[in-house]
Each structure stands twice: as structure tokens, then as C-alpha cells.
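All remarks here apply to the structure that follows.
Numbering (our numbering), first residue to last: 5 to 750.
So this is what it looks like as C-alpha cells:
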């Protein structure tokens, strides 16, 4: 009955005389429009022959009193209005599965003592359930899964659970549960996080098969029972947020993952070296932790060590012998003043986080001996004034974060970081970037926002996909990559990537600089589109959508945009042949004013809605946004009011040749565009809109690329017949279909 596209009203005797009915499923198969089943006069009958009953959102308080579930194998009634299933003891010898999850009015479960074949009970989020009596589970010798997660009113459980078949007991989020029963048997996973328990029963030490123990956010738990080393199968222990836990617990040698983050522990015992199998040790936010034992380096299997935000941790111990498996070391937000020179013994380290180490003054030179290091985060190390001179040896480094450091200059040896893809220099005091940056052929992301002293931006490598120069208030000059591009140095990898430049608030850029930006935008558009056409039919997956976009201060639409209009919207008539010969899409432009209703732009997103109108009076609207999900601004990067008092130009181009919906509108006779700049809060809710003063579009064709001498030699496309199409007749393609589509009929 899941395919019925309307609300259903049932008669109380709907299932009367269906004596052979074995399977009944009533549920909604879609989340777009939910249809409901109504039983305004109740339900008097269900067939006793039923073996499988799946009725999601069952609307009544109980099942019919005449129903005998002796043949029932599976009962699936999630999100129901049930308060109870039935009265008394029923013969349930065939029942194997019960799922009443999210039945928020369920106060009790029936006597299941005769459900001797029951294997699983799912009562997740049954928030009114206050008790599970002993007769409910004691005779369930085949029960393997019992889920009671977030049964918030649950106060008591049977005093003893001794079911040998039980493998998973989930009590997570039972916030009023203060005591656990004695538990015996072959339990493998015990989930009791966010409960009010103060201690664990000693019987837990008999659970020889227990591999997972989750005690996350048990704020009243002060200690674990002595003898935890006896749990020889325990692999995962989560004590995150157990804020009353002051002592590092005894742990079995076999444990692999230990989380003690945000606990009150004050020290790590030297005996930790016996945890020879531990791979992950998380101590994040242990603000009382002041020191670490030297024996820490003897954890030979350790891959991930997280000490972030241990604010009283001042010294990191000497690493007296190589740690051959440690990949990630998180020290951000700690009080450490320096790293030991023995850091070179972290021979397999790939990710080193030191961001927010306010006392860190230098990094030892021999960090360059960690030749596999890929990520180094030094952001917000406000006392760090110089980079280690041998950082150049990090030939594998792909990410370097240095925002808010006290670094005055970037040394020329930066070019030695041959694998660098991501460089963040934001909010530093640098006044120059070395011209050698052009040689970083792998660099894709460059962040220099709020570098107030930076006056000149040198030519960047053609690999750059994203440049954020917002708030560079002294920036006067930039260098384009056009000379490099016209020399044919742009390989296919670069052609098929996005390109986005942001120059918000760079008001010292003169008109010549702005014209150069517009020209490079045009060149990138044509170069990308012609290369894409060459690969048409070959390019799929991540290459299916390519975006070129730029923003800078200005108040005039470049003349290159052949269709212009005052205001935020424009309509363009399309000729019959507008899409017939190497059409490459639309380039869009708008001038946005921040004078009237500016604020601190948390998430300013420029977007365009546009609509094709066909000769069949059918239309479809699409939306494209200037920023994709990777480019939302961090809180510290929000744009100040003073930077946004001037008009800004947004230009963008989206290439999307593999969207089948586009081909449905080749016969369009008109296209209309509406432009917006909206401000979003942290919850992605629109809180402000800005005035679009002018807008413009240009339809792009292969023949237009002649302007930059791109066609033929580089595109590999013969354009001998392209002269037969007058580009001035033609108007548009669509931009990005990743965001919103809706079809309208007129």
C-alpha cells in the first residue's frame, strides 16, 4: 500500500474475512509528500494468519483485542501511536523481530516470556517507556539485539540480565537510568553513553567477549571497576565527556581505540606503554592534564594521538625512539612552548596540528627530516615569527596553514615545497609574496585574506583554482597568468578544474587592474570551454561541471557582456539557431551595491535564477550560486562593514554539457535572468539581501575564442562552419544544475 498517492480512511472491518492474509505492509515510500492512514472508528480485526506486519505510523493506541499473534514472525510498527500492543500473555513462539522504534507514546511492552524465538527488539526513541520488567527478557534465550536508545523515561531494568545469546545492549541516551543490572553472558557491545550511572557492576568483568564499551558523556561516572585488564576482547573504549573521571583507567593490552577526551584526568601513567595494540588515543580537552610520560613513545601501534586543547600541557616529551606508525598528531590549543628536537623520530607522521598554540615560538629545523609530512597547521601561533629554515625539505607537504601567525615575510625557499596544494597566509603581516610562488605547480588554494600590508600580488601558478584576497586593503597590483597560458603551459588537469577569485574590499585596485581581471576571466572562460568541447563525450564524473568566477570592486559591467540592463533582471530573445553550433554557455555579470543595507556578511552568496521559455509554452527555472559548499566563510573571515561600502562586480561562468535537462530546451525562444546577493547566517537562513544595480550576460560560441587565438591549435576543434552563425543572434545556455530545479507549465 506504499504506492497509493493519497490519504486513506479505513473502515474498522477492512481486514475482516481475510483469513489467509500473511503479509501486510502499510508505509509511505517517499519523504516528499507523506500520505496518512486514518482509522476514525478504530480497527476491530486483524487476521490471525499474519506472519509479517509492517505498519509505519499506526494511528491507534493498541492492536485489536481480537488479534492473536501466534503466527507472527516480524512486527514492524515504527513511529506508531501505540501505548501498548496487547493485554495478557500471548503465544509468540514464531515471533523473531519486534520494531516499535519512535513510538513515543509506548509506556510498556507486553509479557514476552513465550516469545522463545525472539532475536531482536528495537525500542529506539520510545520516550515514554519507563520500565522493562524481568519477564520481558529473561526467557529470551535467542535474543541477540536489545535496543533501548533514548528511552529517556526508562528508570529500571531487570536486576540481572543473563542471556547467553545477547550480543548488543544499547541503552545510550537513557538519561534517567542510574543503575545497570548485573550482566552476564556473551555480550559484545554495550552502549550506555548519556546515562546517569555512577558506577559499572563488577559483573562486567566477566564479559569475555565484550569488544565495545561506550560510556560517552556519563557525567556522574567517577571510575571504572578495578580489573578492567581482564576484558581481553575489549577493542574500543569511549569515555568522552565523563567529566567526573579523574584517574586514567586500567586497560587491557588488546585495546585499540581509547577516548578520554573532556575528562578530568590529571596524568597518564607510565604503564601506558603496555598498551601495545592501541592505535588511537584521544585526550582532547583534558584541561587538567599537565604532563605526559616519556613511555608514550613506546606505543608502537599508535596511529593517532589527540592532545588538542589540553591547555595546561606545556611540554611534549622527548621521543627517545622511533614511532613507526604515528600518522596524526593533534596539539592544537595546547600550552606547549616548543617541540622537542627528537620530533624527527615521528618517522611516519603525515598530519601535524599546532594551530592555536599561543606560546609556541619556534619549530625545530629537523622537522624537515619527516619527509612524509603532508599537513602542517601553524595557524594562530601568534608568537611564531619565523618558519624553520629547513621546512623546504618537506617535499611531500600538501597543506600549510599559517593564518594569524606573526610571520613578517615568506622566504624564497617556499618553492622547495613542490607538492604544496593549499597555502593559508591570512591575517599575517606579510608585505610581499615571493615571485617564486609561480613555480609551485601543484598549488590550488591560496588564502591571503586580511593581509593588510600586502601591496603586490605576483603572478600565480596556473594551477590556482581558488584565491581568497578579501580585505587586502593595501593591494594595488596583481599579475595575470595570461602570458603563461598563451604559451601553452596549461595542461588538461588545470583546464578541467574550477577557478574562483575573491577580491572583496580591495578598493585600491585601479581601473587598469580591474580591466586585467575581467580580461583574464574572459580568457579562462574560453580556454576552459574550448578544451572541454575537445573532450566532449569523454569528460564525466567530477569534470561534468566546471565553474569560472571572480569578484572585485567596481560599478560598471564590462562591454564584453553584450546584453546589459539596469536593475537585477534581464530578458533575452533567442533566435531559432541559438544552440546549433558549438554553443558554450552563458557568462554572467552583476554589479551589487552594499550602501543601503550592508552588515557583517556571514555568508554572502551571489546567485542567478534563470528560466527558459519554449515555443510550447513550457518553462523551467534553474539556480546557480557563486560559492559552492567548500567556500563558506569561516567566522574569523567575515567581511567588515567598511570593506563593503563600495559596489562590487561578480562575474561567473558555469560549463555543464552533460545535463540531460539542458537538451530539452534547445527550442527555447527566450531566456530570463534574475540576480541576487543574499546573506546567510550560520544556519544557512537568509537574513539579508543586497541591491543588484546592473546585470549583463553573454552567449558564448567557439568562434568567439578567436579573440584570444585559442581555437584550432589548442582546442583541437575545427570551426570552419562556425562563421555561419552570427553570435549576436544567439543568446544562452544554463549554468549550474546542482542546486535547484523546478519545472513550470503555463
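Even glycine gets a Cβ: it sits at the ideal position worked out from N, Cα and C.
Open item on the list: Assuming residue 139 is part of the alpha helix (DSSP H), what are its boundary residues?
Closed with: For the purposes of this step, residue 139 is identified with residue 135 of the chain shown, where counting begins at 1. 138-141 is the extent of the alpha helix (DSSP H) around residue 139.
Open item on the list: Please determine whether the Cβ atom of residue 294 lies at a distance below 7 Å from any heavy atom of the ligand MN.
Closed with: By its list of ligands, the structure shown contains no ligand whatsoever, and the ligand MN lies outside what it can speak to.
Open item on the list: Looking at the secondary structure, which residues open and close the beta strand (DSSP E) in which residue 118 lies?
Closed with: As a position in the chain shown, residue 118 is number 114, starting the count at 1. It is not in any beta strand (DSSP E) - residue 118 carries neither H nor E in the DSSP assignment.
Task: Environment of residue 226 [buried if 16+ CB atoms lie within 10 Å] - done: To locate residue 226, count along the chain shown from 1; it is residue 222. Classification of residue 226: exposed, given that the 10 Å Cβ count is below 16.
Open item on the list: For residue 355, list the residues DSSP reports as bridge partners.
Closed with: Here residue 355 refers to the residue found at position 351 when the chain shown is read from its first residue. Answer is 332, 379.
Task: N- and C-terminal bounds of the beta strand (DSSP E) containing residue 655 - done: Taking the chain shown and counting its residues from 1, the one referred to as residue 655 is at position 651. Under the DSSP assignment, residue 655 falls in the beta strand (DSSP E) whose first and last residues are 652-659.
Task: Validate contact between the segment 128-140 and the segment 154-167 using beta carbons, cut 8 Å, 3 pairs - done: Segments in contact, yes.
TODO: For residue 92, count neighbouring C-beta atoms within 10 Å of its own C-beta (all shown protein chains included) and say buried if the count is 16 or more, exposed if not.
DONE: As a working note, residue 92 is residue 88 in the chain shown. Under this definition residue 92 is an exposed residue.
Open item on the list: Among 67, 557, 123, whose alpha-carbon lies nearest the alpha-carbon of residue 78?
Closed with: By 1-based counting over the chain shown, the position of residue 78 is 74. Closest by alpha carbon: 123.
Open item on the list: Going by DSSP in three states, residue 635 sits in which element: helix, strand or coil?
Closed with: Stepping through the chain shown from its first residue, residue 635 is reached at position 631. For residue 635, the predicted structure reports a pLDDT of 42, less than 50, and the residue's modelled location is therefore unreliable. A value from the coordinates is still provided. It is helical.
- [ ] Evaluate residue 705 with the Cβ neighbour count: other Cβ atoms within 10 Å of its Cβ, from every protein chain shown; 16 or more gives buried, anything less gives exposed.
- [x] Here the question's residue 705 lines up with position 701 in the chain shown. Flag for residue 705 reads buried.
Task: Sequence-distant residues of its chain with Cβ nearer than 8 Å to residue 349 (five each side left out) - done: Looking up residue 349 in the chain shown gives position 345. Result list for residue 349: 301, 323, 324, 325, 326, 327, in chain order.
Task: Length of the line joining the Cα atoms of residue 223 and residue 292 - done: Within the chain shown, residue 223 is the residue found at index 219, counting from 1. Within the chain shown, residue 292 is the residue found at index 288, counting from 1. Straight-line Cα distance between these residues: approximately 16 Å.
Task: Coil, strand or helix - residue 533 by DSSP - done: Against the chain shown, residue 533 aligns to sequence position 529. Of the three classes helix, strand and coil, the one that applies to residue 533 here is helix, per DSSP.
Task: Reduced DSSP secondary structure (H/G/I, E/B, other) of residue 568 - done: Start at 1 with the first residue of the chain shown, and residue 568 comes out as number 564. In the structure shown, residue 568 sits in a strand (DSSP, three-state: E or B).
Task: Euclidean distance between Cα positions of residue 439 and residue 462 - done: Residue mapping note: residue 439 aligns to position 435 of the chain shown, counting from 1. Residue mapping note: residue 462 aligns to position 458 of the chain shown, counting from 1. Each residue's alpha carbon lies about 6 Å from the other.
Task: residue 59 - DSSP class collapsed to helix/strand/coil - done: Taking the first residue of the chain shown as position 1, residue 59 is located at position 55. DSSP, read as helix, strand or coil, puts residue 59 in strand.
Task: Presumed contact (8 Å Cβ cut-off) between residue 590 and residue 703, rounded CB distance - done: In the chain shown, residue 590 corresponds to position 586, counting from 1. In the chain shown, residue 703 corresponds to position 699, counting from 1. Under the criterion of beta carbons closer than 8 Å, residue 590 and residue 703 qualify as touching, at roughly 6 Å.
Task: Integer-rounded CB distance, given that residue 459 should sit under 8 Å from residue 479 - done: Here residue 479 is taken as the residue at index 475 of the chain shown, counted from 1. Here residue 459 is taken as the residue at index 455 of the chain shown, counted from 1. Contact between residue 479 and residue 459 holds: CB atoms are separated by about 6 Å, below the 8 Å threshold.
TODO: Name the residue from 581, 247, 240 whose alpha carbon lies nearest to the alpha carbon of residue 198.
DONE: Position 194 of the chain shown, counting from 1, holds the residue named residue 198. If we check each option's Cα against that of residue 198, 247 comes out closest.
Open item on the list: Which residue marks the beginning of the beta strand (DSSP E) containing residue 195, and which one marks its end?
Closed with: Locating residue 195 in the chain shown gives position 191, where the first residue counts as 1. Its beta strand (DSSP E) spans residues 193-195.
Task: Residues of its chain near residue 85, where Cβ-Cβ distance is below 7 Å and the 5 sequence neighbours each way are ignored - done: The count along the chain shown starts at 1 and reaches residue 85 at position 81. Apart from the 5 residues on each side of it in sequence, residue 85 sits with its Cβ closer than 7 Å to the Cβ of 62, 63, 64, 65, 109 in its chain, given in chain order.
Open item on the list: For residue 565 and residue 528, I'd like the C-alpha separation in whole angstroms.
Closed with: To locate residue 565, count along the chain shown from 1; it is residue 561. To locate residue 528, count along the chain shown from 1; it is residue 524. Taking the straight line from one Cα to the other gives about 15 Å.
Open item on the list: If you reduce the DSSP assignment to three classes, tell me which class residue 223 lands in.
Closed with: In the chain shown, counting from the first residue as 1, residue 223 sits at position 219. Residue 223 falls in the coil class under three-state DSSP.
Open item on the list: What would DSSP say about residue 26, mapped onto helix, strand or coil?
Closed with: As a first step, residue 26 must be located in the chain shown, where it is residue number 22. In this structure, DSSP gives residue 26 a state outside helix and strand, which the three-state scheme calls coil.
Open item on the list: Taking DSSP's pairing of strands, which residues face residue 475 in a bridge?
Closed with: Within the chain shown, the letter at position 471 stands for residue 475. Bridge partners of residue 475: none, in fact.
Task: Buried/exposed call for residue 718, threshold 16 Cβ in 10 Å - done: Sequence index remark: in the chain shown, residue 718 carries index 714 (1-based). Bear in mind that a pLDDT of 47 at residue 718, under 50, signals an unreliable position, so the number given afterwards is only what the model happens to contain. Buried, since its Cβ has 16 or more Cβ neighbours within 10 Å.
- [ ] Would you mind stating whether residue 99 and residue 76 have Cβ atoms separated by less than 8 Å?
- [x] Here residue 99 refers to the residue found at position 95 of the chain shown. Here residue 76 refers to the residue found at position 72 of the chain shown. Going by beta carbons, residue 99 and residue 76 fall inside the 8 Å limit.
- [ ] Within its chain, find whatever has a CB closer than 7 Å to the CB of residue 257; leave out the 5 residues flanking it on each side and keep chain order.
- [x] Taking the chain shown and counting its residues from 1, one reaches residue 257 at position 253. The residues are 278, 279, 280, 281.
Open item on the list: My output table needs one value for residue 682: the three-state DSSP class, helix, strand or coil.
Closed with: Position 678 of the chain shown, counting from 1, holds the residue named residue 682. Strand at residue 682.
- [ ] Using three-state DSSP, classify residue 527 as helix, strand or coil.
- [x] Locating residue 527 in the chain shown gives position 523, counting from the first residue. Note: residue 527 maps to helix in three-state DSSP.
TODO: Kindly list the residues whose CB is nearer than 8 Å to the CB of residue 329, restricted to its own chain and excluding five residues on each side of it in sequence; keep chain order.
DONE: Residue numbering aside, residue 329 sits at position 325 when the chain shown is read from its first letter. Excluding residues within five positions, the ones whose Cβ falls inside 8 Å are 283, 304, 305, 306, 307, 352.
- [ ] Enumerate in chain order the residues of its own chain whose CB-to-CB distance from residue 401 is below 7 Å, with the five nearest sequence positions on each side excluded.
- [x] To locate residue 401, count along the chain shown from 1; it is residue 397. Here residue 401 has 377, 378, 380, 421, 423, 424 as same chain residues with Cβ atoms under 7 Å from its own Cβ, once five neighbours each way along the sequence are excluded.
TODO: Could you tell me the distance, in whole angstroms, from the CA atom of residue 410 to the CA atom of residue 616?
DONE: Within the chain shown, numbered from 1, the residue matching residue 410 stands at position 406. Within the chain shown, numbered from 1, the residue matching residue 616 stands at position 612. Each residue's alpha carbon lies about 53 Å from the other.
Open item on the list: Would residue 318 and residue 299 be called neighbours here (beta carbons separated by less than 8 Å)?
Closed with: Within the chain shown, numbered from 1, the residue matching residue 318 stands at position 314. Within the chain shown, numbered from 1, the residue matching residue 299 stands at position 295. Remark: C-beta atoms of residue 318 and residue 299 do not approach each other more closely than 8 Å.
TODO: Determine which residues share a DSSP beta bridge with residue 553 and list them.
DONE: Within the chain shown, the letter at position 549 stands for residue 553. 504, 656, per the DSSP bridge assignment.
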